[in-house]
Amino acid sequence: MRQMPSSDMVSLISFLAVLLIFFSIDVRSRTTGVSKPWHAHLFEWASRVGGIATVVALALGWVDLFLPDESSPIHVALVAAPGSVAVLCAIVLGLEMLWQRWQAPDQDG
Numbered sequence: 011m012r013q014m015p016s017s018d019m020v021s022l023i024s025f026l027a028v029l030l031i032f033f034s035i036d037v038r039s040r041t042t043g044v045s046k047p048w049h050a051h052l053f054e055w056a057s058r059v060g061g062i063a064t065v066v067a068l069a070l071g072w073v074d075l076f077l078p079d080e081s082s083p084i085h086v087a088l089v090a091a092p093g094s095v096a097v098l099c100a101i102v103l104g105l106e107m108l109w110q111r112w113q114a115p116d117q118d119g
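With our numbering as the guide, the letters of the sequence shown map in order to residues 11 to 119.
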């Protein structure tokens, strides 16, 4: 895997910060309840796992930004792996909108 230049790392950190805001809003907007359908639990956990993965990737990327490039102990894969999990969770939550649209009652008639 190639080394990531500082300018690319700044862009990645910015993206992860926006993703973290998204997950924070999503988690706070969910109601907690014992009797929920399976898909509600799936989307709730996708939001939690995505938020945690984003925090890990953001923290590692931030630390890596201030370390010298030639002796950095943080490999790009350490940022890319949790960042990829976070993006996958965001995609799952995007699918939730389609799921809700399919489950919504017909409003036309």
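Idealized CB from N, CA, C, for every residue including glycine.
ask   = What does a CB cutoff of less than 8 Å around L68 pick up in its chain, not counting 5 residues either side in sequence?
value = I23, L26, A27 and L30
ask   = In angstroms, rounded to a whole number, what distance separates the CA positions of W48 and E80?
value = Cα-Cα distance, rounded: 47 Å.
task = Could you please give the first and the last residue of the uninterrupted alpha helix (DSSP H) stretch that includes F32?
result = Counting along the chain, the alpha helix (DSSP H) containing F32 begins and ends at S16 to S39.
inquiry  = Please classify V37 as buried or exposed, where buried requires at least 16 other C-beta atoms within 10 Å of its C-beta.
reply    = exposed
inquiry  = Spatial neighbours of V73 within its chain, please: C-beta separation below 8 Å, excluding the five flanking residues on both sides.
reply    = I84
Cα-Cα separation, S39 to L88 = For S39 and L88, the distance between alpha carbons rounds to 30 Å.
query = Is the beta carbon of V2 less than 8 Å from the beta carbon of V59?
reply = There is no way to answer for residue 2, as the model of the chain reaches only from 11 to 119.
query = Is the beta carbon of L108 sitting closer than 8 Å to the one on S57?
reply = no
request  = Using three-state DSSP, classify F53 as helix, strand or coil.
outcome  = helix
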